[in-house]
Structure formats: structure tokens, C-alpha cells
Amino acid sequence: MKNERRPAKKSLGQNFLVSDGAIKGIISAVMADDGLPVFEIGPGRGALTVPMAAGGTQIAAFEIDEALAEEAAGRLEGLENAEIVLADIRDVDLDAEAAGRGWDGYALAGNIPYLLTSTMLLGLPSLERCRRAVIMVQKEVGERVLAAPGSRNSGILPVYLQSYLAIKKVMTLKPGSFRPKPKVDSIVLVFTPVSRENAPGNCEGFLSFLKSAFSQRRKKLANALRAVPGIPERTELEKLSGVDLGCRPEELGLEEWFALYAAVAGCEDDR
Ligand code: SAM
Numbered sequence: 012m013k014n015e016r017r018p019a020k021k022s023l024g025q026n027f028l029v030s031d032g033a034i035k036g037i038i039s040a041v042m043a044d045d046g047l048p049v050f051e052i053g054p055g056r057g058a059l060t061v062p063m064a065a066g067g068t069q070i071a072a073f074e075i076d077e078a079l080a081e082e083a084a085g086r087l088e089g090l091e092n093a094e095i096v097l098a099d100i101r102d103v104d105l106d107a108e109a110a111g112r113g114w115d116g117y118a119l120a121g122n123i124p125y126l127l128t129s130t131m132l133l134g135l136p137s138l139e140r141c142r143r144a145v146i147m148v149q150k151e152v153g154e155r156v157l158a159a160p161g162s163r164n165s166g167i168l169p170v171y172l173q174s175y176l177a178i179k180k181v182m183t184l185k186p187g188s189f190r191p192k193p194k195v196d197s198i199v200l201v202f203t204p205v206s207r208e209n210a211p212g213n214c215e216g217f218l219s220f221l222k223s224a225f226s227q228r229r230k231k232l233a234n235a236l237r238a239v240p241g242i243p244e245r246t247e248l249e250k251l252s253g254v255d256l257g258c259r260p261e262e263l264g265l266e267e268w269f270a271l272y273a274a275v276a277g278c279e280d281d282r
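In C-alpha cells:
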């Protein structure tokens, strides 16, 4: 048990789950009774990995810290259905990993370091084989993700994620659920793919458009969009999309975003 004496690495967001209730709640959201295999991001000492594997779930967990990877692997000894992979999750193509294992679909679980939150969340819509993702985020970020497009707290994360995913809060966790204790509360969210008729098929293109549109959120959309290369002029774009570009970006609902992006992308295709 030499690793239990190693100090947790703050730079890797090492706050380990110690609350049985939280561990059970997260596992039940990940498993959801459909027997999907699981990819886990950052197993740490195996707080989630070991009970899931012991219940028979197929699981592969990606850990960047060699000593922790060894410790978790030691706890999984004898369980053929579980594997710890020493890797930086940012270099892992989860869909390709799933294909290599013969998994058509998988659930994704992660009590992830807060530094990775945006990267991981923004990657979710393009994961084709991911059927469900259960991700822990800082409470404020979770609240932002859940904000309704068209409301004051709207932004890139809620518009982009809600375009492709249904998002539900599972639980809120206080710092006492972890060792060492983080400074902030956390929220566990479940993301499930949804098919919205008008959501752009090119999700990466849509994300880059949203980044431009929200680049000057206090200003009118017409101003922010001027920087988008090759964009039609304002009256033309308003006519094509039916969206008033005198609005600020947080005022637009999902369908308005879809219509606006369709108009912009349509003009790009015509060139
Ligand atoms: N799942 C464990 C738990 O709930 O107790 C550990 C969670 S801890 C918040 C985050 C884990 O992610 C740590 O084990 C850390 O070493 C690992 N980690 C940090 N950055 C990572 C990265 N880029 N790729 C893979 N794992 C990473």
C-alpha cells in the first residue's frame, strides 16, 4: 500500500472519492442495467473501477499517473474483465479503442480533473459509440452546462452540448466526499445522445461557429459574426436564417442556432 502514502498530485486533480454513497450513486448511473462495457477516465486508486469490475462489468480505465495505474491494477488482479491502461486520455481515441475491443457501444465514466473538463465535455458530441457518459464537474460548470439556451447563463457549453445530448444532474457532492478535499462543490452529470432533427451534422464546424459567435457575448451577434470568414452580410443572413442579429448570443434558443448555422454553412457550400 505504498501509494496511499504518496501525496496526491494537485496538478493532476487527484481528489479521490471516499464517500460510499457517492461511489454507489455514480456506479448505478454508469451501469444503468444495460450491461454496456465501460471506459473510465482517471481510475486513480480504483474507487469506481474496482466495484464495477467486481460486479462483472467489462472495463478499461485510462490513468496518466504510473504509480496509481500500478496500484489500481494490483487491486484488479484476477479480474479478467478489467484493464488499466497507462495513458493520457487526451491522446486516446475512445471510439477506435472500442472498435478494437469489439464494443459497439460503451458507457463513459469519469471523476475527471477539473483542468480537463472543457476538453472532455466538448469532445462528447463527436463520440459515435458512446451511449452514456457520467462525468463529475465543478458545480459552477455543471450549472452552466445545464443552463437553458436563450437564458442569461447560456454559452458555448450549454448550446453545443444540449444540441446533441440530453443532460441530467445525478447528484451534488460536497468537498468531504473526497480526500484530499477540493475547495469546491461538485456535480455528477449524465449525458445521453439525443437526435434533434435540425442539429448540424457537422458538429465540429458548429462548435467553431459557436466559438466565434460567443467571442463577444456582451455585443450584438452581428458584430461578433463579422469576424467569421466569408459570412454573408447581415440582412442577407437574417433573411436566410430568420434570426435577428441584433440579439446578443445568449438570447438565442437551440433552433435559432441551428437555423443560423445552416444559413452560414449553406453559403460556405455555395462558394
Ligand atoms: N476515479 C478516482 C476516484 O474517483 O477516486 C480518481 C479521481 S481523481 C479526481 C482524477 C484522476 O485522473 C487521477 O487519478 C489522475 O491521476 C487522473 N488523470 C489526471 N489527468 C489525466 C489524464 N490526462 N489522463 C488520464 N488520467 C488523468
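Start counting the sequence shown at 12; every next residue gets the next number (our numbering). Every residue gets a Cβ at the ideal spot worked out from N, C-alpha and C, and that includes glycine.
Short Cβ contact (8 Å threshold) for residue i with residue j
i: Ala224; j: Pro169; result: no
i: Arg86; j: Gly67; result: no
i: Ser137; j: Cys258; result: no
i: Pro204; j: Pro193; result: no
i: Arg140; j: Gly121; result: no
i: Ser197; j: Leu184; result: yes
i: Ser165; j: Ser30; result: no
i: Gly153; j: Leu218; result: no
i: Ala276; j: Pro211; result: yes
i: Tyr171; j: Gln149; result: no
i: Val181; j: Ala40; result: yes
Beta-carbon contacts of residue i that lie in its chain and below 6 Å, excluding the five residues immediately before and after
i: Phe202; result: Leu135, Ala144, Leu176 and Ile178
i: Leu271; result: Ser252 and Val254
i: Glu267; result: Val254
i: Arg190; result: Phe27 and Val29
Residue i, DSSP secondary structure in three states
i: Gln173; result: helix
i: Thr68; result: coil
i: Ile100; result: helix
i: Pro18; result: coil
i: Pro160; result: coil
i: Asn122; result: strand
i: Ala144; result: strand
i: Ala93; result: strand
i: Arg56; result: coil
i: Pro243; result: coil
i: Ser197; result: strand
Own chain, CB closer than 8 Å to residue i, minus 5 neighbours either side, in chain order
i: Lys222; result: Ile167
i: Ala83; result: Pro54, Gly55, Arg56, Gly57, Thr60, Val61, Ala72, Glu74 and Ile95
i: Gly36; result: Val181, Met182 and Val199
i: Ala238; result: Ser223 and Ser226
The ligand SAM heavy atom lying under 7 Å from the CB of residue i
i: Pro124; result: yes
i: Leu256; result: no
i: Phe73; result: yes
i: Gly55; result: yes
i: Ile100; result: yes
i: Leu357; result: Absent from the structure is residue 357, since the part of the chain shown begins at 12 and ends at 282.
i: Phe27; result: yes
i: Leu23; result: yes
i: Ile38; result: no
i: Leu47; result: no
Check: residue i C-beta below 7 Å from any heavy atom of the ligand HEM
i: Leu127; result: For the ligand HEM, the structure offers nothing, since it holds only the ligand SAM.
Burial state of residue i, where buried means 16 or more other Cβ atoms lie within 10 Å
i: Ala274; result: buried
i: Ala78; result: exposed
i: Pro243; result: buried
i: Gly32; result: exposed
i: Leu127; result: buried
i: Ala159; result: exposed
Cutoff 7 Å; reference residue i; Cβ partners in own chain excluding five residues on either side
i: Gly161; result: Glu262, Leu263 and Gly264
i: Ala93; result: Thr60, Ala64, Ile70 and Leu87
i: Gln25; result: Ala19 and Gly55
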